[in-house]
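**Q** In full-length UniProt numbering, the protein residues as written are 1 to 544. A virtual CB, placed ideally from N, CA and C, is assigned to each residue, including glycine.
#1: Mind reading off the beta-carbon distance from residue 180 to residue 454? Whole number of angstroms is fine, and I expect it under 8 angstroms.
#2: Counting Cβ pairs, one atom from each stretch, are 3 or more of them under 8 angstroms apart for the segment 391 to 399 and the segment 370 to 381?
#3: Could you check whether residue 210 and residue 227 sit closer than 8 angstroms to each other, using their CB atoms as the reference points?
#4: Excluding the five sequence neighbours on either side, which residues of its own chain have a C-beta within less than 8 angstroms of the C-beta of residue 503, listed in chain order?
#5: With distance defined between alpha-carbon atoms, name the residue in 28, 406 and 294 nearest to residue 162.
#6: To the nearest angstrom, how far is the alpha carbon of residue 489 from that of residue 155?
#7: Considering only the alpha carbon of each residue, which of 291, 265, 310 and 442 lies closest to residue 405?
#8: Just confirm the distance between the C-beta atoms of residue 207 and residue 439, as a whole number of angstroms; I'd bet it's less than 8 angstroms.
#9: Can you check DSSP and say which residues form a bridge with residue 137?
#10: Whole-angstrom Cβ separation of residue 387 and residue 281, contact assumed at under 8 angstroms?
#11: How do the segment 405 to 416 and the segment 363 to 374 stand: do at least 3 beta-carbon pairs fall below 8 angstroms, yes or no?
#12: Is residue 461 helix, strand or coil by DSSP?
#13: Short of 6 angstroms in beta carbon distance, which residues of its chain neighbour residue 245, apart from the five on each side in sequence? Order them along the chain.
#14: Examine chain C for any beta-carbon lying closer than 8 angstroms to the beta-carbon of residue 410, and answer yes or no.
#15: Within 10 angstroms of the Cβ of residue 415, are there 16 or more other Cβ atoms? Answer buried if so, exposed if not.
#16: Does DSSP put residue 356 in a helix, in a strand, or in coil?
#17: Distance check for residue 310 and residue 60, CA to CA, integer angstroms please.
#18: With DSSP as the reference, label residue 191 as helix, strand or coil.
#19: Would you mind stating whether residue 339 and residue 324 have Cβ atoms separated by less than 8 angstroms?
#20: Does the distance from the C-beta atom of residue 319 to that of residue 341 stay below 8 angstroms?
#21: Which residues does DSSP list as the beta-bridge partners of residue 323?
#22: Is it the case that the Cβ atoms of residue 278 and residue 390 are separated by a distance below 8 angstroms?
#23: Alpha carbons only, please: which of 352, 269 and 283 is nearest the one belonging to residue 191?
#24: Can you list, in chain order, the residues of its chain whose CB lies under 7 angstroms from that of residue 275, leaving out five sequence neighbours each side?
#25: I need the straight-line Cα distance from residue 302 to residue 54, nearest angstrom please.
#26: DSSP has residue 129 in a bridge; who is on the other side?
#27: Should residue 508 go down as buried or exposed, given a rule of 16 or more other Cβ atoms within 10 Å for buried?
#28: Count the other C-beta atoms from every protein chain shown that fall within 10 angstroms of the C-beta of residue 430, then say buried if there are 16 or more, exposed otherwise.
#29: What's the C-alpha gap between residue 286 and residue 307?
#30: Taking its Cβ as the centre, do 16 or more other Cβ atoms sit within 10 Å of residue 44, making it buried, or is it exposed?
#31: Grouping DSSP H, G and I as helix and E and B as strand, with all else coil, what is residue 468?
#32: Pull up the CB-CB distance for residue 253 and residue 265, whole angstroms please, since I reckon it's below 8 angstroms.
#33: Quick one: using the 10 Å Cβ neighbour count with 16 as the cut-off for buried, is residue 477 buried or exposed?
#34: Cutting at 6 angstroms between CB atoms, please list the residues of its own chain near residue 481, excluding the five before and the five after it.
#35: Buried or exposed: which applies to residue 219, given that a residue is buried once 16 or more other Cβ atoms fall within 10 Å of its Cβ?
#36: Quick check: the Cα distance between residue 153 and residue 464, rounded to an integer number of angstroms?
As structure tokens, this is what we get:
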């Protein structure tokens, strides 16, 4: 038995040394990389409901929230935090230890007795331990100091789980805001991109005709060059707008996590009316300070750091070890009792930790003040976001009103030019130019509406409102879309329309909140900005 044990020990040591010597960097092979990429791509788009029809805004939001990878990542982090919280609770329990072992040696364990006075051996060498014997033990003990530290660690894990939930809320709000912005731009793209392509072809044809008219002398060179300059500017603007329209659809598809190449259409609906501009900004600020996920996360973080200091202070107290039950067994035949039980209590105290209590107290006070000031700084930033959000929304609505009026005027000019079209070259070119101007202003109208929706989404986000039901895993896309629409409508009615129902002065479309620019002042920057754009409205002199 002893010989086999030695051989086994030497063999295990040799295998361990060989394994340590063979540890070398092992990069992934190209095949493994390709397999990983294929698996990841399959998992990214797995278990998605197919697109069965035109997608409304609520359905786009539902798909973005249900399948968005950032949101799913936060779900996993939330589950991880909850698992760590559940595991930490077991640290509060007493320790129940089970052990077993085997001991062997190549000779007998023994000892001699020496007479202290004479230095002579008084007894023959003897042993009280077998060369080979087994041991087993079962102990139940509880350290009160460890219990106190584990208690505060468990509270920290619980707060960290709540912090993970707040981060999940923030991701939901950001995804909804991004979806709102991308959806309305993509809807404008769907409505305009075919017209933009056709008009670009017509403008290119008009350019060619103007060049021919210039060569044939049908148009004076300055007039022809002026037409060409205006048409080239129109092509440049139309091409730029077309790129923006294409990117909007791609961005929306990415937010909904649709597989590349998936064809989808958006629900062709009229632009829904925008909510009124809130007047009671102070009320919105109070709601934001109560509901913003960042503030709640900071508040929980303060509790985490406080419990961390408390755990350190607990360690400065005396440690009490309670051994309730300690069962032992040893197969050594020389023992008088091969099995026995024992219990006891042990108290220990690290006095150096006791001396550190004043320092810990000062550190705790400094940490608490730091957390409070960080939370107050964040609160100030949130209050600023709310007020700027209301102002930005008021300006966006005023800009939309101006864009709608511009689109109405340019549409009238286009129809007038179309009705007055003659067979003359300059008349046909004027129609093309008027049509390009009308299409660009219509695009600006959709862009302004999208900007207003985006500003509304930022205001919604700055307040910290939630639109997602508690459980979405069991809901299909259409059920989730209905739930999002219902929750959004309820929140808007409760938060933004309450003042009107209570008799407050409701802000009408295009008006600003108190302390904000008036509609005329709000539209002035937008009008000035538009005046710097390339103008297509200048009429060239006609030929006699």
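**A** Put simply:
#1: 7 angstroms
#2: no
#3: yes
#4: Residue confidence is low: residue 503 scores 44 on pLDDT, short of 50, so the model does not pin down where it sits. No coordinate-derived value is stated.
#5: 294
#6: 37 angstroms
#7: 442
#8: Wrong, their Cβ atoms sit about 16 angstroms apart, outside the cutoff.
#9: 99 and 328
#10: 6 angstroms
#11: no
#12: helix
#13: 189 and 193
#14: The displayed structure is made up of one protein chain only, and chain C is not part of it.
#15: exposed
#16: coil
#17: 47 angstroms
#18: helix
#19: no
#20: no
#21: 141 and 344
#22: yes
#23: 269
#24: 456, 492 and 496
#25: 47 angstroms
#26: 109
#27: Low per-residue confidence applies at residue 508: pLDDT is 36, beneath 50, and the placement is therefore not dependable, though the value from the model is reported in the following sentence. Exposed is the call here.
#28: buried
#29: 28 angstroms
#30: exposed
#31: coil
#32: Their Cβ separation, rounded to whole angstroms, is 12 angstroms, which puts residue 253 and residue 265 out of contact at 8 angstroms.
#33: buried
#34: 58, 59 and 62
#35: buried
#36: 30 angstroms
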